[in-house]
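Each remark here refers to the structure printed beneath this line.
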Ligand SMILES: Nc1nc2c(c(=O)[nH]1)N[C@H]1C(S)=C(S)[C@@H](COP(=O)(O)OP(=O)(O)OC[C@H]3O[C@@H](n4cnc5c(=O)[nH]c(N)nc54)[C@H](O)[C@@H]3O)O[C@H]1N2
Ligand SMILES: Nc1nc2c(c(=O)[nH]1)N[C@H]1C(S)=C(S)[C@@H](COP(=O)(O)OP(=O)(O)OC[C@H]3O[C@@H](n4cnc5c(=O)[nH]c(N)nc54)[C@H](O)[C@@H]3O)O[C@H]1N2
Ligand SMILES: [Mo]
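In this note's numbering, the protein residues as written are 278 to 1048.
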């Protein structure tokens, strides 16, 4: 039997702390994932479900976007993939009775953890204007309400259509088609908060906003640099790939303010070496950088490469690149002392790294949120590209850029046109295929959408998945903004805070998850996804849906489109709902690389999308070459007595979904309101390990934001750099604190001061439990 959801809430946030671990996975990971799976699904369903994850005839893990190896294990999942599956395949249910028993105000006082643990949504629910509880509603009435509000808008640009990254290619393609036929490019997505900076930097420099390596390249690399990423928690299957690379002789440099256990040593639960013996040490060189110091680090490496006789691949630079001279001048004149100070490293460490780079013919740089969520994230990633271009490390085996994506189909959603700034060629193709005129003006990204809601310029907020109010910055501002909407609509699998911070009217539309059977008139359907390396493959759910009322995401879009656009729409929405193969036929005609989509995706394992720099050293940029960038080095300046805070994930969460209250590898148990501080930074402030402090962020306009009652943990982080979990700390991130160009919230670089706690930890957890 599965266990019951927790009844006590506000949660007792009472963290207990032991020393951080130095290895990830191993037997405890298996035990932990099975325990969580059994709690949610019971024993039988656990066995049935987990064996289907990431198999060629199974479903794509709803966890991360890391690709599957060609030769699969019987259990091709990881501890955190198992938790993601258990969350979705849980036997717990949120029924109309549940909503009758809990008013919206009651639910708004609960923690995100408690809300998520209540189980799967079973019925479409409606909150009428002025009502205090959600009531069940028919699908027909629900679509009428949305259509009514959309048609009442002064312009289509008063609607916002948000997407989270789990949505399949088919659903995403239909959703953007609907939004554009309706008349707006307001298609913000979670990518705006995630790898937007990577997309911006890569498009400008190599001509395509995606990574240039395949899984096999990792095994061929001489050196892999993992910067700003914690794969032990967020991409655990990447550790198997790094282990395999290591055993073939690859060396690894890790760049991170925190010593992350998974990168130190990996005990692969899929082999005897990992289970019985000590596992594999992964990192050869750990560069414990200051937050935001990565551009400076790569600039110094670049300067040293330029100063080393014969180190530059001049043949590649001459033939394939543009802007070398300007860049080389900027790098050669980089001020050593200041740039070194920005990294927080010693010169010897950088020289050691340089020797490893010069010893390596093939180099890959992997990165995630530690690089993308800074004010100068785009120049930072451009400097990484400079570094790779210098030695010809793009467009040959074992070398390249590897931005490691988050959500399992976030990359595919972009490919399908979920983007507020679509390329003209994409809109031309839509116009030609579907015979309507898509809007050309750029739409709103996440931060701009919040401003538009705040200022009354957006009135209908529709979300295809995700948890908008908890994932976005500046919680108080964002919640107030969303409350100004006429209508908020969420297509969701599980209850979350965005369902209870509503516009005047609100709808919850419950949908199928990846694990579930999707039956339509033409028979059982599958959907497709694209992983972080541009591989497209099918995903087929097998479980009976959580409730007979659920509609699939494609069906929801098709019905809403028919109801809203009416007879005038030239699009065969009914056919699309009946048979998803007809959607793929259209995708094949609109999106390059998807030719013959249905036939190619039927092959086991799917197919790889073309990538000009990777495949042919062709760079589809404005200059027709790969562009060097000569941007000035930036780094966060921290006023006297202040610290820089990064907001990150614990081991027991999936973004805003909290699986549990432990962060095992970091030695934290039973609580999330912790702040990790360097012991000297803590002592200077008179804060013993176990003391409680408020985090107060200071913004340039003089405003302050407070997150009360965090337990201080003395932790081996870089001096001056603190860390605490998101989403609890989103209240501290100002809406206007974003990356240049990409407009991504700079969630890894928030200036804070610490103050002795104003209330006891339990009281502040309770006060703040709604987050
Ligand atoms: N289990 C699980 N899996 C997930 C997710 C999840 O929440 N849970 N989320 C998914 C999503 S959407 C995403 S985007 C990814 C996120 O994957 P990650 O990017 O690994 O996630 P974060 O926890 O934000 O970790 C950021 C890492 O960068 C480091 N870092 C922070 N700032 C800096 C810096 O300035 N420089 C350097 N060099 N390092 C820095 C931090 O110490 C930390 O190790 O994971 C995906 N997979
Ligand atoms: N401070 C700070 N803020 C951050 C970050 C950070 O590092 N620090 N990270 C940012 C990043 S990288 C990201 S990607 C965003 C994440 O932002 P989002 O993608 O908006 O948030 P999630 O928590 O992933 O969304 C979880 C919800 O998705 C719904 N869901 C799950 N599966 C499905 C499905 O199959 N279909 C549908 N329709 N719904 C589903 C469930 O209802 C669940 O409650 O947060 C960002 N915010
Ligand atoms: Mo993400």
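We treat Cβ as the ideally placed atom computed from N, Cα and C, and that holds for glycine.
Computed from a prediction, not measured in an experiment: that's the story for all the values here.
Residue i, buried or exposed, once every other Cβ within 10 Å from all chains shown has been counted against 16
i: residue 613; result: exposed
i: residue 360; result: buried
i: residue 409; result: exposed
i: residue 299; result: exposed
i: residue 379; result: buried
i: residue 808; result: buried
i: residue 836; result: buried
i: residue 930; result: buried
i: residue 940; result: buried
Cα-Cα separation, residue i to residue j
i: residue 355; j: residue 665; result: 31 Å
i: residue 562; j: residue 532; result: 9 Å
i: residue 582; j: residue 576; result: 10 Å
i: residue 586; j: residue 635; result: 11 Å
i: residue 447; j: residue 602; result: 45 Å
i: residue 407; j: residue 753; result: 22 Å
i: residue 296; j: residue 945; result: 8 Å
i: residue 779; j: residue 893; result: 50 Å
i: residue 382; j: residue 777; result: 8 Å
i: residue 481; j: residue 655; result: 10 Å
i: residue 376; j: residue 927; result: 30 Å
i: residue 557; j: residue 540; result: 10 Å
i: residue 642; j: residue 620; result: 17 Å
i: residue 980; j: residue 290; result: 28 Å
i: residue 791; j: residue 983; result: 38 Å
i: residue 321; j: residue 821; result: 14 Å
i: residue 878; j: residue 848; result: 24 Å
i: residue 517; j: residue 595; result: 37 Å
i: residue 411; j: residue 483; result: 49 Å
i: residue 334; j: residue 881; result: 8 Å
i: residue 511; j: residue 845; result: 45 Å
i: residue 725; j: residue 737; result: 14 Å
i: residue 658; j: residue 478; result: 6 Å
i: residue 728; j: residue 909; result: 30 Å
CA nearest to the CA of residue i, picked from the options
i: residue 962; options: 673, 843 and 989; result: 989
i: residue 696; options: 524, 476, 902 and 501; result: 476
i: residue 615; options: 600, 307 and 912; result: 912
i: residue 740; options: 708, 699, 834 and 847; result: 834
i: residue 488; options: 530, 347 and 678; result: 678
i: residue 859; options: 797, 750, 412 and 1027; result: 797
i: residue 949; options: 538, 1001, 918 and 484; result: 1001
i: residue 788; options: 742, 774 and 450; result: 742
i: residue 934; options: 328, 527, 746 and 703; result: 746
i: residue 932; options: 836, 744 and 755; result: 744
i: residue 986; options: 325, 887, 964 and 728; result: 964
Own chain, CB closer than 6 Å to residue i, minus 5 neighbours either side, in chain order
i: residue 590; result: 668 and 669
i: residue 999; result: 920, 922, 952 and 954
i: residue 459; result: 433
i: residue 593; result: 669
i: residue 996; result: 955
i: residue 627; result: 577
Cut-off 7 Å between Cβ atoms - residues of its own chain near residue i, not counting five sequence neighbours on either side
i: residue 259; result: Since the first residue of the chain shown is 278 and the last is 1048, residue 259 is not available in this structure.
i: residue 1023; result: 650, 651, 652, 1014, 1015 and 1016
i: residue 1033; result: 970
i: residue 306; result: 356 and 546
i: residue 772; result: 371, 392, 393, 395 and 398
i: residue 647; result: 504, 505, 506, 533 and 1025
i: residue 496; result: 521, 522 and 525
i: residue 895; result: 889
Same chain, Cβ closer than 8 Å to residue i, five either side skipped, listed in chain order
i: residue 784; result: 401, 402, 403, 404, 414, 419, 422, 423, 764, 765, 766 and 767
i: residue 720; result: 434, 461, 462, 463, 464, 465, 697 and 698
i: residue 278; result: At residue 278, the pLDDT of 45 sits below 50, so the modelled position is not reliable and the matter cannot be decided from this model.
i: residue 317; result: 279, 280, 363, 364, 366, 367, 368 and 369
i: residue 801; result: 794, 795 and 817
i: residue 865; result: 871, 872, 873, 874 and 875
i: residue 915; result: 921, 997 and 1028
Tell me which residues pass a beta-carbon proximity test against ligand 3: closer than 6 Å to any heavy atom, given in chain order.
467, 471, 683 and 684
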